[in-house]
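Colleague: Below you'll find the structure I mean.
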Amino acid sequence: MSAVLSAFFASPTVQTALAVGTVVAVVSSVVGVFTITRGQSFAGHALADLGAVGGSGAFLLGVSQLWGFVLAGVISAVAMEAIGTRRLEGRDVATGIVFGAGMGLTALFLTLDTLIGGSSNAAISVLFGSLFSLDSALVPVIVALGVVTLAIMTAIWRWVALETLDRDLAAARGVPPRTASTLFLVALALAVQLSSLSIGAILSTALLIGPAATALLFTRRLSTAAALAAVIAVVEVWLGCLVAFASFDWFGGSSWPVSFTIVAAVFLGYVGARTVTALRPFGHRMAVG
Amino acid sequence: MFAPYLMTAWAGGTIVAVVAGIVGFFVVLRGNAFFAHAVPHGAFAGAAGAVLVGVNPLVGLGVFAAGGAVGIVLLGRRARHDVVTALTLVTMLALGALFLSRSREYSAQVFALLFGQILGVSPDQLATMGLLGVCCLALVALIARPLLLASVSPALAAARGIRVTGVDLVFALVIAAATTVSVPMVGALLMFALLVGPPAAAQALTRTPGQGMALSVALTLGTVWTSIALSVGTDLPIGFFATAIGALLYAGARLAARRRRRREGRSRMP
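Order-wise, the sequence lines are chains A and B.
Sequence positions in the first sequence follow my numbering and run 4 to 292.
Sequence positions in the second sequence follow my numbering and run 161 to 430.
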């Protein structure tokens, strides 16, 4: 076991994966706590997939796919907020319409991309991206985007916390509700673009929702939940990387995809936490997660 | 445009549109858009698994669609529905990634399930689709009244003695069946767009469930037929046209509903 561990930490691929994975895990899970309490999991997932529109569109125009991703995410976030309604069911449909239209555009761009020759790798790899095949040139950009997202979240923390708990109270206290929720969606878009670009849309949604939902089973304080979620997310990412790395030996030289092992850790963590809280005789049975 | 090799596309598209129009009406009424995205999208993992063990992909698709849908309903009884949906979806997708990495075969077949291959339907597949579609609609007809009540007000339905979880489970199976009917032909992306766009437009324009369902089927049929025609005419993907038409219909219906409300508000004033 110790031989596997020392090989694990010595590999430069793993070092990059762990560094990026940690940044993404922390940013996603902090944003995720608000995403869940605001009931915007669907928007979070849709924004992750919608990055592909920007990626394939940017390829068509010949500009950097990275900025295509970021721009598409921010535009979709603003569009969702603009047509969204206060009723939860209405918001669900609004997200679905923007999501569907965006995926349709992706299909169009991908076809046009093949017509002009070549294909946009980013749009395909966004679905099944892998933490182990990261381009190391992307690492500084990812870290910078992560810092920007966390800075936005810190700046609007009080606004969004108040607006999440009670919209009318927030308005009475002088919080502009529309601005607060739009800024939050932009932070959400940045967080999921950053993760879907680096580790794929599957993992992006898993890390956004899973650790935060697990943490919210144990506490209802937003700040405590955010800290707990960040810890859970980092542990799950490291565990997933380790299992994926070690599985290389178990199956005669073909390892399990790292996206699968991390998602498995996230899902088992959530189900385990649900079991623990269900067995607890008293306490937060009806926690928000 | 009506060449013999396109006839299966027209027939299949019509089956898909009728099923999606009816099922989509309830999806929108219940606010189940995320669910309707997760089941078709996640079920592709089942097809990938079926290819791996050498079974008909349609079986894998159906099993994963049903398993995922039922799993979401059961896990969602005591937690936020959207959270459970997201986690089930990513788990199914991650399993799909695992299966794809095991099989080492060219995964074009599986990727076709995401974006669809409307010209790739054979006549005997069409028969299977039709049969599944009829089962799906029969199931909806069977539970139509309790489903309507449970969708509009779960509390009232429970007070009337309807077992809401049972209704939710049957509806989950309906979505799974609709997925299995449609995804091999139109892809997960287009299936989701049809389940949400035209039915949402229909609901913004009508007031009774009967009218809503009828308009929903009509709009979905219009969307599918127009998209097939445009796609054949321009050689661009059908998914793009169907999603764009769906979004335009919804935007138009929202505007029309707002104008109607304003006019009625004015006429009620003395």
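Built from N, CA and C at the ideal position, the CB exists for glycine as well.
Would you tell me roughly how many angstroms separate the C-alpha atoms of A/THR222 and A/ALA174, rounded to the nearest one?
Modeller: Roughly 26 Å separates the two Cα atoms.
Colleague: Under 7 Å between beta-carbons, which chain A residues line up against B/PHE186? List them in chain order, please.
Modeller: Here the premise fails: no neighbours, minimum Cβ distance about 12 Å.
Colleague: Run down chain A in chain order and give the residues with a C-beta less than 7 Å from the C-beta of B/PHE352.
Modeller: What B/PHE352 touches in chain A: GLY103.
Colleague: Name, going along the chain, the residues of the stretch 242-274 of chain A whose beta-carbon falls closer than 7 Å to a beta-carbon of chain B.
Modeller: So the close ones are TRP259, PRO260, SER262, PHE263, VAL266, ALA267, PHE270, TYR273.
Colleague: At the 8 Å Cβ level, is B/THR403 part of the contact set with chain A, yes or no?
Modeller: Yes, B/THR403 lies at the interface with chain A (some Cβ there is under 8 Å from its Cβ).
Colleague: In chain order, what residues of the same chain have a beta carbon less than 7 Å from the beta carbon of B/PHE330, not counting five sequence neighbours either side?
Modeller: Correcting the residue type first, residue 330 of chain B is Val in the shown sequence and not Phe. If we look at B/VAL330 and ignore the five residues flanking it on each side, its Cβ neighbours are LEU299, ILE303.
Colleague: State the CB to CB distance for the pair A/THR109 and A/VAL56, rounded to an integer number of angstroms; the pair is presumed to be in contact (CB under 8 Å).
Modeller: Yes, A/THR109 and A/VAL56 are in contact; Cβ-Cβ is about 5 Å, under 8 Å.
Colleague: Which same chain residues end up closer than 6 Å to B/LEU365 when comparing Cβ atoms and leaving out the 5 residues on each side of it in sequence?
Modeller: If we look at B/LEU365 and ignore the five residues flanking it on each side, its Cβ neighbours are ALA413.
Colleague: Could you spell out where the alpha helix (DSSP H) holding A/PHE45 opens and where it closes?
Modeller: Run containing A/PHE45: 44-64, per the alpha helix (DSSP H) assignment.
Colleague: Within this structure, are the beta carbons of B/PRO358 and B/LEU409 separated by less than 8 Å?
Modeller: Yes; because the gap between Cβ atoms is below 8 Å, this pair is in contact.
Colleague: CA-CA distance, A/THR280 and A/SER250?
Modeller: Going by the C-alpha atoms only, they are around 31 Å apart.
Colleague: Mind listing the chain B neighbours of A/GLY42? Cutoff is C-beta to C-beta under 8 Å, in chain order.
Modeller: Simply ARG240, ASP242.
Colleague: The alpha helix (DSSP H) spanning B/THR366 covers which residue range?
Modeller: Counting along the chain, B/THR366 falls outside any alpha helix (DSSP H), and DSSP gives it neither H nor E.
Colleague: What separation, rounded to the nearest whole angstrom, lies between the Cα atoms of B/THR168 and A/GLY105?
Modeller: Spanning the two alpha carbons is a distance of roughly 28 Å.
Colleague: Do you know how far the Cα of A/HIS48 is from the Cα of A/THR278?
Modeller: Rounded to the nearest angstrom, the two C-alpha atoms are 25 Å apart.
Colleague: Since B/TYR410 meets chain A, which of its residues come closer than 7 Å, beta carbon to beta carbon?
Modeller: Here the neighbours are ILE100.
Colleague: Look at the Cβ atom of A/ILE212, then the Cβ atom of A/GLY35, and state whether they are nearer than 8 Å.
Modeller: For A/ILE212 and A/GLY35, yes; Cβs fall inside 8 Å.
Colleague: Quick one: what does DSSP say A/SER82 is sitting in, helix, strand or coil?
Modeller: It is Ala, not Ser, that sits at residue 82 of chain A in the sequence shown. Helix, per DSSP.
Colleague: Taking the alpha-carbon of B/GLY382 as reference, which of B/ARG367, B/VAL392, B/LEU316, B/LEU354 has the nearest alpha-carbon?
Modeller: When each option's Cα is compared against that of B/GLY382, the closest is B/LEU354.
Colleague: Can you give the Cα-Cα distance for A/ALA204 and A/GLY76, rounded to whole angstroms?
Modeller: In a straight line, the C-alpha of A/ALA204 is about 13 Å away from that of A/GLY76.
Colleague: Taking the straight line between their C-alpha atoms, what separation do you get for A/LEU225 and B/LEU375?
Modeller: Going by the C-alpha atoms only, they are around 44 Å apart.
Colleague: Roughly how many angstroms separate the alpha carbons of B/ARG419 and B/THR288, rounded to a whole number?
Modeller: So the alpha carbons of these two residues sit roughly 44 Å apart.
Colleague: Since A/VAL7 and A/GLY149 should fall inside the 8 Å C-beta cutoff, what is the C-beta to C-beta distance between them, to a whole number of angstroms?
Modeller: Incorrect: roughly 29 Å between the Cβ atoms, too far for contact.
Colleague: Could you pull out every unbroken alpha helix (DSSP H) segment of at least 4 residues lying fully inside the stretch 345-417 of chain B, listed in chain order?
Modeller: If we require 4 residues or more, the alpha helix (DSSP H) runs fully inside the stretch 345-417 of chain B come out as 369-394.
Colleague: Return the CA-CA distance between B/THR339 and B/ALA318, expressed in angstroms with no decimal places.
Modeller: Straight-line Cα distance between these residues: approximately 28 Å.
Colleague: DSSP on A/ASP252, reduced to helix/strand/coil?
Modeller: Of the three classes helix, strand and coil, the one that applies to A/ASP252 here is helix, per DSSP.
Colleague: Does any residue of chain B have a CB that is nearer than 8 Å to the CB of A/ILE202?
Modeller: Not an interface residue.
Colleague: Just tell me which of A/VAL23, A/GLY272, A/ILE145 has its CA closest to the CA of A/ALA232.
Modeller: Comparing Cα-Cα distances from A/ALA232 to each of A/VAL23, A/GLY272, A/ILE145, the minimum goes to A/GLY272.
Colleague: Pick helix, strand or coil for A/LEU186, following the three-state DSSP scheme.
Modeller: Three-state result, A/LEU186: helix.
Colleague: My output table needs one value for A/TRP241: the three-state DSSP class, helix, strand or coil.
Modeller: Residue state, collapsed to three classes: helix.
Colleague: Give every residue of the same chain whose Cβ lies closer than 7 Å to the Cβ of A/VAL17, excluding the five residues on either side of it in the sequence, and list them in chain order.
Modeller: So the list reads PHE11, CYS244, PHE248, once near-sequence residues are dropped.
Colleague: Please confirm if A/VAL96 has its CB atom under 8 Å from at least one CB of chain B.
Modeller: True, the Cβ-Cβ gap to chain B drops below 8 Å.
Colleague: Relative to the C-alpha of A/ALA82, which candidate in A/LEU188, A/ILE155, A/THR38, A/LEU111 has its C-alpha closest?
Modeller: Closest option to A/ALA82, Cα to Cα, is A/LEU188.
Colleague: State yes or no: is the C-beta of A/VAL266 nearer than 7 Å to some heavy atom of the ligand ZN?
Modeller: Of the ligands one can find in the structure shown there are none, so the ligand ZN has no counterpart to examine.
Colleague: Compute the beta-carbon to beta-carbon distance between B/ALA198 and B/GLY228, rounded to the nearest angstrom, for a pair I have assumed lies under 8 Å.
Modeller: Indeed they touch by this definition, with Cβ atoms about 7 Å apart.
Colleague: Closer than 6 Å by C-beta to B/ASP395: which residues in its own chain qualify, once you throw out the five before and the five after it? Chain order, please.
Modeller: No residues qualify anywhere along the chain.
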